[in-house]
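Structure record follows, encoded as structure tokens.
Number of protein chains: 2
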Amino acid sequence: MKHNFGAGPGILPHEVLKQAAQAVVDFNGMGLSLLEISHRAPEFEAVLDEAVKLVKELLEVPEGYSVLFLQGGASTQFAMLPYNLLPADGKAAYVESGVWANKALKEAKFFGEVEVIATSKDSNFTYIPKDYTIPADAAYLHLTSNNTIYGTQLHEFPKSPIPMACDMSSDIFSRKINVADFGLIYAGAQKNMGPAGTTLVIVKDEILGKVDRKIPSMFNYKVHAENGSMYNTPPVFAIYVSMLTLRWVKSKGGVAALAQENKAKSRALYTEIDRNPLFKPVCAVEDRSDMNVCFVMENPELEKAFLKLCDDKDIVGIKGHRSVGGFRASIYNALPITSVHTLIDAMQEFQEKNK
Amino acid sequence: MKHNFGAGPGILPHEVLKQAAQAVVDFNGMGLSLLEISHRAPEFEAVLDEAVKLVKELLEVPEGYSVLFLQGGASTQFAMLPYNLLPADGKAAYVESGVWANKALKEAKFFGEVEVIATSKDSNFTYIPKDYTIPADAAYLHLTSNNTIYGTQLHEFPKSPIPMACDMSSDIFSRKINVADFGLIYAGAQKNMGPAGTTLVIVKDEILGKVDRKIPSMFNYKVHAENGSMYNTPPVFAIYVSMLTLRWVKSKGGVAALAQENKAKSRALYTEIDRNPLFKPVCAVEDRSDMNVCFVMENPELEKAFLKLCDDKDIVGIKGHRSVGGFRASIYNALPITSVHTLIDAMQEFQEKNK
Numbered sequence: 001m002k003h004n005f006g007a008g009p010g011i012l013p014h015e016v017l018k019q020a021a022q023a024v025v026d027f028n029g030m031g032l033s034l035l036e037i038s039h040r041a042p043e044f045e046a047v048l049d050e051a052v053k054l055v056k057e058l059l060e061v062p063e064g065y066s067v068l069f070l071q072g073g074a075s076t077q078f079a080m081l082p083y084n085l086l087p088a089d090g091k092a093a094y095v096e097s098g099v100w101a102n103k104a105l106k107e108a109k110f111f112g113e114v115e116v117i118a119t120s121k122d123s124n125f126t127y128i129p130k131d132y133t134i135p136a137d138a139a140y141l142h143l144t145s146n147n148t149i150y151g152t153q154l155h156e157f158p159k160s161p162i163p164m165a166c167d168m169s170s171d172i173f174s175r176k177i178n179v180a181d182f183g184l185i186y187a188g189a190q191k192n193m194g195p196a197g198t199t200l201v202i203v204k205d206e207i208l209g210k211v212d213r214k215i216p217s218m219f220n221y222k223v224h225a226e227n228g229s230m231y232n233t234p235p236v237f238a239i240y241v242s243m244l245t246l247r248w249v250k251s252k253g254g255v256a257a258l259a260q261e262n263k264a265k266s267r268a269l270y271t272e273i274d275r276n277p278l279f280k281p282v283c284a285v286e287d288r289s290d291m292n293v294c295f296v297m298e299n300p301e302l303e304k305a306f307l308k309l310c311d312d313k314d315i316v317g318i319k320g321h322r323s324v325g326g327f328r329a330s331i332y333n334a335l336p337i338t339s340v341h342t343l344i345d346a347m348q349e350f351q352e353k354n355k
Numbered sequence: 001m002k003h004n005f006g007a008g009p010g011i012l013p014h015e016v017l018k019q020a021a022q023a024v025v026d027f028n029g030m031g032l033s034l035l036e037i038s039h040r041a042p043e044f045e046a047v048l049d050e051a052v053k054l055v056k057e058l059l060e061v062p063e064g065y066s067v068l069f070l071q072g073g074a075s076t077q078f079a080m081l082p083y084n085l086l087p088a089d090g091k092a093a094y095v096e097s098g099v100w101a102n103k104a105l106k107e108a109k110f111f112g113e114v115e116v117i118a119t120s121k122d123s124n125f126t127y128i129p130k131d132y133t134i135p136a137d138a139a140y141l142h143l144t145s146n147n148t149i150y151g152t153q154l155h156e157f158p159k160s161p162i163p164m165a166c167d168m169s170s171d172i173f174s175r176k177i178n179v180a181d182f183g184l185i186y187a188g189a190q191k192n193m194g195p196a197g198t199t200l201v202i203v204k205d206e207i208l209g210k211v212d213r214k215i216p217s218m219f220n221y222k223v224h225a226e227n228g229s230m231y232n233t234p235p236v237f238a239i240y241v242s243m244l245t246l247r248w249v250k251s252k253g254g255v256a257a258l259a260q261e262n263k264a265k266s267r268a269l270y271t272e273i274d275r276n277p278l279f280k281p282v283c284a285v286e287d288r289s290d291m292n293v294c295f296v297m298e299n300p301e302l303e304k305a306f307l308k309l310c311d312d313k314d315i316v317g318i319k320g321h322r323s324v325g326g327f328r329a330s331i332y333n334a335l336p337i338t339s340v341h342t343l344i345d346a347m348q349e350f351q352e353k354n355k
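Residue numbers (full-length UniProt numbering), protein chains in the order written: chain A, 1 to 355; chain B, 1 to 355.
Quick look at the structure:
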């Protein structure tokens, strides 16, 4: 078994993968693969129903919200969101906390005016911008809850006079959130929820249908909401694996219990980074992410040797993003704390060797 | 083992499913699931490269075309196609040969003028419209090569003075086509190519970039072509299973060999439908599909009993679409001729019982 610190598509629980593999050969004892049954079969409709139910239960989604499983990833949402919510003569407010936030706001510009109300671009996104005023006349405020590349996380959401839309791709189900504070939440599955190929959207029904623009069916949240994510053939397998992962989240005690574990994992790792003289953190202490822990070396020449040591210990996926360098340990829900301890042990062993 | 006549998501080769299940647990001996590795890992890049190479080889795609694996299904293409190719002040020509063609043309209306140049709606789509003139001033002609619901198939494509776009979702890789005759071909994977969740697009590069409209990145063919389908995280698993299926197509002798087998399967079944006094065909003889064989009963009261007999013989997915009724036997590439014989035997046994 590898210790998978990859940033995404990321680690999934072992038991989920075993069940998913079984379903590819024979689903539910049907004598058929999950891949070759109709999405209208009652057996799959039960999967989709359970996935939606688990999202509602685990995140305590209030009445008045639709829970959708759509095709594609967050990149599609970057465009779908303004397509549905940004009037051609209106504007949207974006907080630019990283490259993904930047991509999101660029797509919004195809549909209307974009006001970047805060950015940490000047410091290569090493912190979360917090000091800003939300324009009351904007259609919505867009945030990114966790920035995988830089290892920063929004620990406290602002109070907003306008609907908040948030990209939670890399920390959904890792902690409690108050869904009622948001107009729309979206999350590509491939970090904390499932394989690449589906995106979770949680949208407050009353914010939809307010732009004049005509929206083609597949890009229209209302169409998907009215058809229970079954307007078209949904990505059956990706939804099934997501459902299995949500079952696993529930079996672990839900998001509150996982949040505690995640905090224990990140604390242990940040403590070692702060202690070990060979390593140093890259971002603001108060914005440190519990999902992606980024760090570099005091002496970059040692990086290769440390990567080699990690490789020897079956620690994989730890190389940092090219725009930050160094290392990035993604410690998503499914990563056991034992893997974090293995990494810490490697860091300490490396320190011994390089005294 | 079931005899899977489902219309889609449809049957996949047994050996493909076995390999796919293995990859979900441990991909390529990496000690990691295919679902939890980066799409930038060389191991997945090799999968995508091979998938593209196999498409080019199997369909003899000429130079000047891009082969893309996109998110979503054909429904997304219904909108993406006009988004990229239909100028706001231009028009597109559509042949309405079924409900899916109708859905495609409805989405095109969001972007420009649509001229329905032929339709068989008056006869509930029991034939393929053939007698039409293609307007030389339209941006493109849209066709549907196979109509799953009605069991009709376009056996000869028209000569077109304008780029031809074709939805080949339900018969791609089932027969030889001359790609050079088309401007754009698209096909949702879940009939003849793989699981739901990815769509194959083959597009002639020179027809792109000609509309003035600004196109968001994820809806822009040019962006996907320039990034080799890796602009965003692609649907890794669906592409992998498609690649395995394409390998299988090649191992069977390619599309020409499969076309022969498909013809043998459909002939055997149509012969029985024509011979057996209990059953009758539903569509024009010259337009009969080699992929979806639709038939009804002379006495509809016997339908339930026949379905029961099929069920006893592990024949599944044979119920006709509600808009046609009766039965639909989808006999995609992966369905062995022995399954067709089992169905024919059941029809003959049923005739004996109901003498």
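We put the beta carbon where it would ideally sit given N, CA and C, even for glycine.
- Task: Could you tell me whether the Cβ of Gln71(B) comes closer than 7 Å to any Cβ of chain A?
- Result: yes
- Task: Step through the CB atoms of chain A and report whether any lies within less than 7 Å of the CB of Pro216(B).
- Result: yes
- Is Tyr127(B) near Ala284(B), with beta carbons less than 7 Å apart? yes
- Message: Between Ile11(B) and chain A, is any beta-carbon pair separated by less than 7 Å?
- Response: yes
- Query: Just the Cα atoms here: how many angstroms apart are Leu54(A) and Ala256(A)?
  - Reply: 14 Å
- Item | Pairwise C-alpha distance: Tyr221(B) and Leu258(B) | 30 Å
- Task: Give the straight-line distance between the Cα atoms of Val241(B) and Gly194(A), rounded to the nearest whole angstrom.
- Result: 17 Å
- Message: Let me check one thing: in DSSP terms, what residues is Lys280(A) bridge-paired to?
- Response: Val296(A)
- Task: Please go through the same chain and pick out, in chain order, the residues whose beta-carbon is closer than 7 Å to the beta-carbon of Ala23(A), but skip the five residues on each side of it.
- Result: Leu34, Tyr240
- Neighbour list for Val241(B) in chain A, Cβ cutoff strictly below 7 Å: Leu35
- Task: On a CA-only basis, which of Val293(A), Ile37(A), Phe306(A), Lys313(A) is nearest Thr148(A)? Give me that one, please.
- Result: Val293(A)
- So is Gly197(A) in contact with chain B if we call contact Cβ pairs under 7 Å? yes
- Item | Backbone CA spacing between residue 369(A) and Lys18(B) [nearest angstrom] | In the structure as shown, chain A begins at 1 and stops at 355. Residue 369(A) is therefore absent and cannot be evaluated.
- Hey, does Lys204(B) have any beta-carbon neighbour from chain A nearer than 7 Å? no
- Confirm the yes/no value for this check: CB of Gly325(B), any heavy atom of the ligand MN, distance under 6 Å. In the structure shown, the ligand MN is absent, as is every other ligand, since no ligand is present at all.
- Message: Would the stretch 60-70 of chain A count as touching the stretch 175-190 of chain A if we require 3 or more Cβ pairs under 8 Å?
- Response: yes
- Task: Can you tell me which of the three DSSP states Lys91(B) falls into?
- Result: strand
- Taking only the alpha-carbon atoms, compute the straight-line gap between Gln77(A) and Ile331(A) and give it to the nearest angstrom. 25 Å
- Alpha carbon to alpha carbon, what distance is there between Asp89(B) and Gly6(B)? 41 Å
- Does the distance from the C-beta atom of Ser289(B) to that of Gln153(B) stay below 7 Å? yes
- Three-state secondary structure assigned by DSSP to Ser330(A): strand
- Per DSSP, what kind of secondary structure is Ala138(A) in: helix, strand or coil? coil
- Item | 6 Å Cβ shell around Ala118(B) - same chain, five flanking residues per side excluded | Val95, Pro129, Tyr132
- Message: DSSP has Leu200(B) in a bridge; who is on the other side?
- Response: Phe69(B), Ala187(B)
- Per DSSP, what kind of secondary structure is Asn102(A) in: helix, strand or coil? helix
- With Asp312(B) as the anchor, note down where its alpha helix (DSSP H) starts and where it stops. 303-312
- 7 Å Cβ cutoff met for Leu244(B) and Val16(B): yes
- What does Ser75(B) touch in chain A if you count any residue whose Cβ is under 8 Å from its own? Ser217, Met218, Tyr231, Asn232, Thr233
- Message: Counting only Cβ-Cβ distances shorter than 9 Å, please list the residues of the stretch 137-158 of chain B near chain A, keeping chain order.
- Response: none
- From Lys252(B), Ser229(B), Glu298(B), Ser323(B), pick the residue whose C-alpha is nearest to that of Pro336(B); which is it? Lys252(B)
- Message: 7 Å is my cut-off, CB to CB: does Val24(B) come that close to chain A?
- Response: yes
- Message: Rounded to the nearest angstrom, what separates Asn4(A) and Val47(A) at their Cα positions?
- Response: 27 Å
- May I have the straight-line CA-CA distance separating residue 358(A) from Phe27(A), to the nearest angstrom? Nothing about residue 358(A) can be read from this structure; chain A reaches only from 1 to 355.
- Residue closest to Ser229(A), alpha-carbon to alpha-carbon, out of Glu352(A), Ala51(A), Ser120(A): Ala51(A)
- Message: Between which two residues does the beta strand (DSSP E) holding Thr119(B) run?
- Response: 113-119
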